[in-house]
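K.L.:
Protein sequences appear in the order of chains A and B.
So the first sequence is numbered by this note's numbering: it starts at 46 and just counts up by one.
So the second sequence is numbered by this note's numbering: it starts at 46 and just counts up by one.
A virtual CB, placed ideally from N, CA and C, is assigned to each residue, including glycine.
Computed from a prediction, not measured in an experiment: that's the story for all the values here.
There are 2 protein chains.
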Amino acid sequence: MSSCKQCIARQLNGMNTLTKEEIKQVSACKTTRKYKKGDIIFYENEMLNGVYCVREGLCKLVKLSANGKEQTIKLMGKGELIGQRSIISNERTNLSAIALNTMELCFVPKEEIISAIKTNRDFSFDVLQNLAQGLREAEDDLINMAQKTVRQRLAATIIYVSKNFGVDKEGYLKVHLSREDYASIVGTATESAIRILSQFKKEGLISTFGKKIKIENFKVLEGVE
Amino acid sequence: MSSCKQCIARQLNGMNTLTKEEIKQVSACKTTRKYKKGDIIFYENEMLNGVYCVREGLCKLVKLSANGKEQTIKLMGKGELIGQRSIISNERTNLSAIALNTMELCFVPKEEIISAIKTNRDFSFDVLQNLAQGLREAEDDLINMAQKTVRQRLAATIIYVSKNFGVDKEGYLKVHLSREDYASIVGTATESAIRILSQFKKEGLISTFGKKIKIENFKVLEGVE
DNA sequence: TTTAAACTATGATATTTGTCATGTTTTTCG
DNA sequence: CGAAAAACATGACAAATATCATAGTTTAAA
């Protein structure tokens, strides 16, 4: 059986300020679950009774709008805690979580997390900083959405995925997202995302191989207008 | 001299879980400052050495873009703490704070806040919930920006101002924002904001008297398409 | 392997929103 | 008060993006 220690040792974890005792405790009561691409981890407007720690894979947090279109708010990868915010504010989820590839998640009951927050100052402060960081990112995203063009946002998203989830030996983004996923992150129509990616190819900023994307000219891509 | 107790008694305060001792402490070392409309409380990319608690008035948190346009991220009114996030994450501000009318702010040194967070569990958890709440709001704003039309966002903003800052006896919004301010909140051109407000008037959803706005048909305004 | 489904691609067109120009009204301040 | 500045208003046009249509391509499943 896998322990949380490994995760924490690898610094992949939103819980790396827990004491050894606490880790043992969390490790003992967590349950690991597997998900396939497209699986729904939870829907919006659910009451969670725990948080999910990403051990492996990638998922998206999305909001479904009235017209059936979905907006992706955030991608969550290794070591990130999903549902933390809902647990802390004791509210229903405002977003759905959907697996983007094969995932392994550790589910930690609410009480464990809350108890750790209440008793371990370092962990509590860590969570605090984590939320503050998240808030800053959310503000930045809002600004980008308001002030940048679709083209600029798409370029920024490709760079984000490259930086956060890495590239393989040939330089292709490790994470393979569909054009629809990109559109949903950027907040545009799928056709627009496709069109702009085609433009990027023509302009030599990226190249593709099947679904895989490689950044060919980072500097220009970063500064597209 | 004014004490923090008054603010806290009136529940106007992001610090109402502090103990009596702590309040005395904060009260003792805070300094009160006055600002006029348009005054800059701080710029983006500054290192704050404390937080500002709004005792009176209203300000906006804005981001200036390359082309000189500004995006308003949030309006801050009575009892709200400004700069909290930057203090906690120990980063430079990512936004500027600008007074929208005559303001009175209490400045509380960083050390006081951090010390209170580290020693008072209730306060710490309160801040945690506050940030979680803020994060949710930021996510909602992002979704609105991505999925709603300018028209819908402007309608929502009017309703927001009405709910959060109230109306006078005649039903006019207490807070008077310029069309430019509305445009900056909604993320559009000033002319577009003006045009849409004119439409709302023609459609009988709002009425105006000088700079003052009154909601005439809440239901329809709330559900505009 | 073959067949359907999902994904990618691109053109044509419509809609939304931004920009520029110009004039009016309101506010501010010497 | 009266002039200058700021804010408001609206038309005309341009640019960005969405929508609809149609077809090629890849993927997955029977």
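Please classify G232 of chain B as buried or exposed, where buried requires at least 16 other C-beta atoms within 10 Å of its C-beta.
P.N.:
Label assigned to G232 of chain B: buried.
K.L.:
Considering only residues of the same chain and omitting the five flanking positions on each side of S110 of chain A, which have a CB-CB separation below 7 Å?
P.N.:
Cβ neighbours of S110 of chain A beyond the five flanking positions: Q116.
K.L.:
So the beta strand (DSSP E) V265 of chain B belongs to, where does it begin and stop?
P.N.:
Where V265 of chain B is concerned, there is no enclosing beta strand (DSSP E), although the alpha helix (DSSP H) it sits in stretches over F263 to E267.
K.L.:
Here's the rule I'm using: 16 or more other beta-carbon atoms within 10 Å means buried, otherwise exposed. How should C49 of chain B be labelled?
P.N.:
Burial call: buried.
K.L.:
So, at 7 Å on beta carbons, what are the nonlocal neighbours of I118 of chain A in its own chain, with the 5 sequence-adjacent residues on each side left out?
P.N.:
Here the set comprises L106, V107, K108 and L140.
K.L.:
Could you tell me how far apart the beta carbons of S134 of chain B and Q178 of chain A are, in whole angstroms, since I believe they sit closer than 8 Å?
P.N.:
The pair is a contact, with the Cβ atoms about 6 Å apart (cut-off 8 Å).
K.L.:
For the beta strand (DSSP E) holding G95 of chain A, just list the boundary residues, first then last.
P.N.:
Looking at the DSSP string, the run of the beta strand (DSSP E) that includes G95 of chain A is G95 to E101.
K.L.:
So is K108 of chain B in contact with chain A if we call contact Cβ pairs under 7 Å?
P.N.:
Cβ-Cβ to chain A under 7 Å: yes for K108 of chain B.
K.L.:
Could you tell me whether the Cβ of D186 of chain A comes closer than 7 Å to any Cβ of chain B?
P.N.:
So yes, D186 of chain A belongs to the interface.
K.L.:
Please determine, among A:A200, A:E184, A:M121 and A:Q129, the residue with the shortest C-alpha to C-alpha distance to S169 of chain A.
P.N.:
Residue A:Q129 is the option with its Cα nearest to S169 of chain A.
K.L.:
Kindly indicate if chain A contains any beta-carbon less than 7 Å away from that of A191 of chain B.
P.N.:
Answer yes: the Cβ-Cβ gap between A191 of chain B and chain A drops below 7 Å somewhere.
K.L.:
CA-CA distance, S252 of chain B and V212 of chain B?
P.N.:
For S252 of chain B and V212 of chain B, the distance between alpha carbons rounds to 13 Å.
K.L.:
Note down, in chain order, every chain A residue with its Cβ under 7 Å from the Cβ of N262 of chain B.
P.N.:
Neighbours of N262 of chain B on chain A: none; closest Cβ ~21 Å, over 7 Å.
K.L.:
Show which residues of chain B have a CB atom less than 8 Å away from the CB atom of K163 of chain A.
P.N.:
Chain B residues near K163 of chain A: R166 and F170.
K.L.:
Could you spell out the range, first to last residue, of the alpha helix (DSSP H) harbouring S252 of chain A?
P.N.:
That residue, S252 of chain A, is in no alpha helix (DSSP H); its beta strand (DSSP E) goes I251 to F254.
K.L.:
DSSP puts R78 of chain A in a beta bridge; with which residues?
P.N.:
DSSP output for R78 of chain A lists A:L150 as bridge partner(s).
K.L.:
Quick check on this structure: which residue in B:L93, B:C104, B:E66 and B:S72 has the alpha carbon closest to the alpha carbon of G83 of chain B?
P.N.:
Considering only alpha carbons, the answer is B:C104.
K.L.:
Is DSSP giving M121 of chain A helix, strand or coil here?
P.N.:
Strand, per DSSP.
K.L.:
Given a limit of 7 Å on CB to CB distance, which residues of the stretch 220-235 of chain B reach chain A?
P.N.:
Per Cβ criterion, the list reads G232.
K.L.:
What does the alpha-carbon distance come out to for the pair M190 of chain B and I230 of chain A?
P.N.:
Each residue's alpha carbon lies about 13 Å from the other.
K.L.:
Return the chain-ordered list of same chain residues with a C-beta closer than 7 Å to the C-beta of F254 of chain A, the five sequence neighbours on each side being excluded.
P.N.:
Excluding positions up to five away in sequence, the list reads Y217.
K.L.:
If we define contact as Cβ-Cβ less than 7 Å, is E173 of chain A a contact residue for chain B?
P.N.:
The identity of residue 173 of chain A in the sequence shown is Leu, whereas the question assumes Glu. For L173 of chain A, the answer is yes, since a Cβ of chain B falls inside 7 Å of its Cβ.
K.L.:
Of the choices A:K163, A:V172 and A:E156, whose alpha-carbon is the least far from that of L126 of chain A?
P.N.:
Of the candidates A:K163, A:V172 and A:E156, the one whose C-alpha sits nearest the C-alpha of L126 of chain A is A:V172.
K.L.:
Could you round the C-beta distance between Y97 of chain A and I86 of chain A to whole angstroms and report it? I think they count as a contact, below 8 Å.
P.N.:
Rounded, the Cβ-Cβ distance is 6 Å, consistent with contact.
K.L.:
Report yes if the CB atom of K155 of chain B is closer than 7 Å to the CB atom of N94 of chain B, and no otherwise.
P.N.:
In contact: K155 of chain B and N94 of chain B (Cβ atoms closer than 7 Å).
K.L.:
7 Å is my cut-off, CB to CB: does G102 of chain B come that close to chain A?
P.N.:
No, G102 of chain B does not count as interfacial toward chain A.
K.L.:
Starting from the C-beta of M121 of chain A, find all residues in its chain whose C-beta is less than 8 Å away, skip the five residues before and the five after it, and write them out in chain order.
P.N.:
Cβ within range, chain order: V99, L103, C104, K105, L106, I127 and A142.
K.L.:
Count the other CB atoms within 10 Å of the CB of D226 of chain A; is the residue buried (16 or more) or exposed (fewer)?
P.N.:
The residue in question, D226 of chain A, is buried, as its Cβ has 16 or more Cβ neighbours within 10 Å.
K.L.:
With C-beta atoms as the reference, is N90 of chain B less than 7 Å away from R137 of chain B?
P.N.:
Yes; because the gap between Cβ atoms is below 7 Å, this pair is in contact.
K.L.:
Can you give me, in chain order, the residues of the stretch 123-139 of chain B that have a beta carbon less than 9 Å from any beta carbon in chain A?
P.N.:
Answer in chain order: Q129, R130, S131, I132, I133, S134, N135, E136 and N139.
K.L.:
If the cut is a Cβ gap below 7 Å, which residues of chain A does A183 of chain B touch?
P.N.:
The contacting residues are L180, A183, E184 and L187.
K.L.:
Is any beta-carbon of chain A found at less than 7 Å from that of L93 of chain B?
P.N.:
It does not: the Cβ of L93 of chain B has no partner Cβ on chain A nearer than 7 Å.
K.L.:
Is the CB-CB distance between H221 of chain B and K246 of chain B below 7 Å?
P.N.:
Not in contact: H221 of chain B and K246 of chain B (Cβ atoms no closer than 7 Å).
K.L.:
Would you please verify whether the beta carbon of A201 of chain B is less than 7 Å from any beta carbon of chain A?
P.N.:
Cβ-Cβ to chain A under 7 Å: no for A201 of chain B.
K.L.:
Could you tell me how far apart the beta carbons of I271 of chain A and L266 of chain A are, in whole angstroms, since I believe they sit closer than 8 Å?
P.N.:
With chain A represented from 46 up to 270, any question about residue 271 of chain A goes unanswered, as that position is not in the structure.
K.L.:
Could you have a look at E236 of chain B and say whether DSSP puts it in helix, strand or coil?
P.N.:
Three-state result, E236 of chain B: helix.
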